[in-house]
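Novice: Sharing a structure with you now.
Residue numbers (our numbering): 16 to 590.
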C-alpha cells in the first residue's frame, strides 16, 4: 500500500483585525432635504408635482476652473439690446483664484498604481469641467476628498439650467459650494419663486446674482417675491435680472445693494427704492407704446432714497423732458454716468438742464433723442474737462458738422457713437415712418456729408448706418476700433485712415470697392513712410503740386526694445 506524502500541519495563528472593522457604524440615513424643491423636509409639504422624467443634467461652470460659456441671448425687440452705462468700460477684469494655502504638498493621494501629492491632484481637478469633477469623485476616497475641496473653494459659479430641470438638483449643486459668493443662472427653463427660494436657502452668503433668460424661457417672479429675496439677503451687493415683465410693482429695501440691473420691465404701478448705498441702476423697459410706468415719480424717489447714485441707465419710450427735470431736481451730486436711451421727447432744453445740474459727467448717452447740433454745442461748453464717452446714436437732427465740432472741443473723448445720425433721406424718413416730401437740394445735402476728425485720444468711433456720409478723413493715432457698418455711400477715393494703432474695422454691408480700399490702407504691407499727398495740376496744366489731406502724416511708432518698426495688425470684419 502506497501512502501519499501529506504536508505537515501548520500551527494555528492568530489574525489581528482592526477594531474599526467590528465597530458599529452609524445608520446611513436618507437626505433631509426635499428632492423636488431642496428645502428641509421637517414640517415641509412640497406643492411641486412629482414628474417621472429622468433628472436632467445641469451644466455648471465653476470660475475660474473653466472658460465662460457662450449663451444665445433672448431675442429682444429691435433696439432693445442696448449697452448699459458700465458696458463701455474696457477694464480687464481678472477673476479671483482659489487660495492654495489649504492644500498640503506633503500629503499624497493613493490611486492604485502610485501616489500623487494632493497639490498635483488639486491642480488637475480644479481645471476639470463640473461633470468630470463629479465623475472623478467616484474613483477613490482620496479623489473624492480633493473634489470636495475644489467645490468648497469655488467662489463663483455659473449654472445653465436646461428646460425641465428639477429645482432640487440645482440646489444640491449649489450646496456643495460653501464659499459661493457670486452666482450666474442661465435659465433655459422658466424662473419662478421656487427656484428663487432654493437659491436663498442654498446660498446664505450670496453677494452677487445674475439671472439670464434664454429665448423661450419665462421669468414669473413677482415684485413681492423679489422684494423679500433682497431684504433677506444681507450680503447681496449686485443683482441683475432679465425678463422682469411680471414684477408689476416692487419695493426694494437693502443696506448693502450697490448695483441693480432689471430688464424687460413693463407698466410698473409702483417702484420704491429704499437702497441708500445704491451706486448703479439700470432699468430697461419694453418697447411698447402702452407702457404706463410713471418715470417722473420714480426719478423723484431715486433722489430721496438713493443719494449715492453714480451711474444711471434708463431705456424707455416714455422718457421726456419732464423726466429729465425730475432727475435734475434730485440733485445727485455724485452722478458720473448718465444714459437716457430712446427718449424721443428729450430735446436741447433737456441737455441744458442736465448740464446745469451735473457738470462732472464722464459718460453721456442720449441715443434715440431729438437733440441737434445746438445740444452738442452745450455739451462741448460744459464737459470739456470730464467727458470721455459720448453716445448720440439714432439722433436724426445731428449732422456731420456737429460731430466734427464735438470731437474738436472735447479733448478727453475716448469713445463716440454716432450710428444712424448721418443718414440719407430714404433711410432717415423710413426710420421715422414719415411721409414728408423733401426737396432735391435737401436730399443732396443729406447724401453728400463729409466728416473730418483729428483727435489725439479717441479710441473707438462708431459710424454704423451713416449712409449719408461720402467722405471720411481720420487722423487718430490711438484709434483701435472703427465701425463703418452699412456706410453704403462712402466713396473709396475719399477715405483716409491715418490711425497707426487701428486693430478692428467693421465694414459689414459696405461695397466691395470700399472694403478693398479699407484693407489696402490698414494692411501691414503699406510703407510707414508712404506719402499720403494727393496730386493736382495747376490751372495752366504745366505742373503738379502735392496737397495734404488737412492733417500731417503721423510719425511711425518705434518699439523701444527693438530696432524694427512696429507694424499694424488690423482685422477687417465684413461678415
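Cβ coordinates follow ideal geometry from the N, Cα and C atoms, glycine included.
Fair warning: this is a prediction, and the values are worked out from it, not measured in the lab.
In the DSSP assignment, find the alpha helix (DSSP H) that holds residue 317 and state where it starts and stops.
Specialist: One-based indexing of the chain shown puts residue 317 at position 302. First-last of the alpha helix (DSSP H) with residue 317: 310-320.
Novice: Look at the alpha carbon of residue 531 and the alpha carbon of residue 473, and state the distance between them as a whole number of angstroms.
Specialist: Taking the chain shown and counting its residues from 1, the one referred to as residue 531 is at position 516. Taking the chain shown and counting its residues from 1, the one referred to as residue 473 is at position 458. Going from the Cα of residue 531 to the Cα of residue 473 covers about 24 Å.
Novice: With DSSP run on the structure shown, which of helix, strand or coil describes residue 197?
Specialist: Here residue 197 refers to the residue found at position 182 when the chain shown is read from its first residue. Residue 197 falls in the strand class under three-state DSSP.
Novice: With DSSP collapsed to three states, give me the class of residue 507.
Specialist: Within the chain shown, the letter at position 492 stands for residue 507. DSSP places residue 507 in helix when its eight states are reduced to three.
Novice: How many Å lie between residue 328 and residue 154 at the Cα?
Specialist: In the chain shown, the residue the question calls residue 328 occupies position 313. In the chain shown, the residue the question calls residue 154 occupies position 139. C-alpha separation (whole angstroms): 51 Å.
Novice: Following a CB-centred definition, is residue 380 positioned closer than 7 Å to any heavy atom of the ligand ADP?
Specialist: By its list of ligands, the structure shown contains no ligand whatsoever, and the ligand ADP lies outside what it can speak to.
Novice: Whose C-beta lies closer than 6 Å to the C-beta of residue 591 among residues of the same chain, with five residues either side of it excluded?
Specialist: Within the shown structure, residues of the chain are numbered from 16 to 590, placing residue 591 beyond reach of any answer.
Novice: Here's the rule I'm using: 16 or more other beta-carbon atoms within 10 Å means buried, otherwise exposed. How should residue 130 be labelled?
Specialist: As a working note, residue 130 is residue 115 in the chain shown. Burial call: exposed.
Novice: Taking residue 463 as the reference, give the member of 485, 133 and 510 with the closest Cα.
Specialist: Here residue 463 refers to the residue found at position 448 when the chain shown is read from its first residue. With distances taken between Cα atoms, residue 463 lies closest to 485.
Novice: Can you confirm whether the stretch 310-328 touches the stretch 247-267 when touching is taken to mean that 3 or more C-beta pairs between the two stretches lie within less than 8 Å?
Specialist: Output reads no: the stretch 310-328 does not touch the stretch 247-267.
Novice: Report the rounded CA-to-CA distance for residue 141 versus residue 173, giving the unit in angstroms.
Specialist: One-based indexing of the chain shown puts residue 141 at position 126. One-based indexing of the chain shown puts residue 173 at position 158. Their backbone Cα atoms lie some 15 Å apart in a straight line.
Novice: Could you tell me which whole beta strand (DSSP E) segments of length 3 or greater appear in the stretch 306-383?
Specialist: Listed in chain order, the complete beta strand (DSSP E) runs (minimum 3 residues) inside the stretch 306-383 are 326-330, 352-356 and 378-380.
Novice: DSSP three-state label for residue 274, please.
Specialist: Reading the chain shown from its first residue, position 259 is the one you call residue 274. Three-state result, residue 274: strand.
Novice: Under 8 Å: do the stretch 172-191 and the stretch 204-224 share three or more Cβ pairs, one atom per stretch?
Specialist: Contact between the stretch 172-191 and the stretch 204-224 is present, because at least three Cβ pairs lie under 8 Å.
Novice: Which class does residue 192 belong to by DSSP, given the choice of helix, strand or coil?
Specialist: As a working note, residue 192 is residue 177 in the chain shown. If DSSP states are grouped into helix, strand and coil, residue 192 belongs with coil.
Novice: If you follow the alpha helix (DSSP H) that residue 175 is part of, which residue opens it and which one closes it?
Specialist: Taking the chain shown and counting its residues from 1, the one referred to as residue 175 is at position 160. Careful: residue 175 lies outside any alpha helix (DSSP H), inside the beta strand (DSSP E) at 171-176.
Novice: From the DSSP output, in three-state form, read off residue 216 for me.
Specialist: Translated into positions along the chain shown, residue 216 becomes position 201. DSSP places residue 216 in helix when its eight states are reduced to three.
Novice: So, is residue 349 buried or exposed, given that buried needs 16 or more other C-beta atoms within 10 angstroms?
Specialist: Mapped onto the chain shown, residue 349 falls at position 334. Exposed, by the Cβ-count rule.
Novice: Taking just the CA atoms, how far does residue 190 sit from residue 149?
Specialist: By one-based count along the chain shown, residue 149 stands at place 134. By one-based count along the chain shown, residue 190 stands at place 175. For residue 149 and residue 190, the distance between alpha carbons rounds to 14 Å.
Novice: Taking the alpha-carbon of residue 280 as reference, which of 269, 289 and 259 has the nearest alpha-carbon?
Specialist: Reading the chain shown from its first residue, position 265 is the one you call residue 280. When only C-alpha atoms are compared, the closest one is 259.
Novice: Using a Cβ-Cβ cut-off of 6 Å (strictly less than) and excluding sequence neighbours within five positions of residue 588, which residues of its own chain qualify?
Specialist: Reading the chain shown from its first residue, position 573 is the one you call residue 588. Around residue 588: 521.
Novice: Leaving out five residues before and five after residue 450 in sequence, what residues of the same chain have Cβ atoms less than 6 Å from its Cβ?
Specialist: Within the chain shown, the letter at position 435 stands for residue 450. With a pLDDT of 36 at residue 450, under the threshold of 50, the modelled position of this residue cannot be trusted; read the value that follows with caution. Closer than 6 Å at the Cβ level, and outside the excluded window around residue 450, lies no residue.
Novice: Are the stretch 362-370 and the stretch 399-408 touching, with three or more C-beta to C-beta distances below 8 Å?
Specialist: Contact between the stretch 362-370 and the stretch 399-408 is absent, because fewer than three Cβ pairs lie under 8 Å.
Novice: Thinking C-alpha only, which one of 165, 433 and 277 is nearest residue 147?
Specialist: The residue given as residue 147 occupies position 132 in the chain shown. The shortest C-alpha separation from residue 147 is found at 165.
Novice: Kindly list the residues whose CB is nearer than 6 Å to the CB of residue 286, restricted to its own chain and excluding five residues on each side of it in sequence; keep chain order.
Specialist: Reading the chain shown from its first residue, position 271 is the one you call residue 286. The residues are 313.
Novice: Relative to the C-alpha of residue 311, which candidate in 334, 297, 330 and 320 has its C-alpha closest?
Specialist: If you number the chain shown from 1, residue 311 lands on position 296. Comparing Cα positions, the closest option is 334.
Novice: Hey, which unbroken runs of the beta strand (DSSP E) at 3 residues or more fall wholly within the stretch 400-447?
Specialist: Counting only runs of 3 or more, we get 404-406 and 430-432.
Novice: Might you give, ordered along the chain, the residues of its own chain that have their beta carbon closer than 6 Å to the beta carbon of residue 234, omitting 5 neighbours on each side?
Specialist: On the chain shown, residue 234 is found 219 positions in, with the first residue counted as 1. Result list for residue 234: 206, 228 and 258, in chain order.
Novice: Pull up the distance between the alpha-carbon of residue 55 and that of residue 240, whole angstroms please.
Specialist: Looking up residue 55 in the chain shown gives position 40. Looking up residue 240 in the chain shown gives position 225. For residue 55 and residue 240, the distance between alpha carbons rounds to 20 Å.
Novice: Hey, out of 347, 143, 244 and 331, whose CA is closest to residue 304's CA?
Specialist: Numbered from 1 along the chain shown, position 289 holds the residue referred to as residue 304. Measuring from the Cα of residue 304, the nearest candidate turns out to be 331.
Novice: For residue 598 and residue 500, I'd like the C-alpha separation in whole angstroms.
Specialist: No statement about residue 598 is possible, as the shown extent of the chain runs from 16 to 590 and does not include it.
Novice: For residue 151, which residues from the same chain have a beta carbon less than 7 Å from its beta carbon, with the 5 sequence-adjacent residues on both sides left out?
Specialist: The residue given as residue 151 occupies position 136 in the chain shown. Excluding sequence neighbours, residue 151 sits near 140, 143, 158 and 162.
Novice: Would you check if the distance between the CB atom of residue 470 and the CB atom of residue 512 is smaller than 8 Å?
Specialist: Counting from one through the chain shown, the residue named residue 470 turns up at place 455. Counting from one through the chain shown, the residue named residue 512 turns up at place 497. No. Outside cutoff.
Novice: Specify, as a first and last residue, the run of the beta strand (DSSP E) that residue 464 falls within.
Specialist: Your numbering for residue 464 matches position 449 in the chain shown. Looking at the DSSP string, the run of the beta strand (DSSP E) that includes residue 464 is 464-469.
Novice: Is the separation between the beta-carbon of residue 250 and that of residue 222 shorter than 8 Å?
Specialist: Position 235 of the chain shown holds residue 250. Position 207 of the chain shown holds residue 222. It is a contact, given that the beta carbons lie within the stated cut-off.
Novice: Is the separation between the beta-carbon of residue 437 and that of residue 483 shorter than 8 Å?
Specialist: Your numbering for residue 437 matches position 422 in the chain shown. Your numbering for residue 483 matches position 468 in the chain shown. Taking 8 Å as the Cβ cut-off, residue 437 and residue 483 qualify as a contacting pair.
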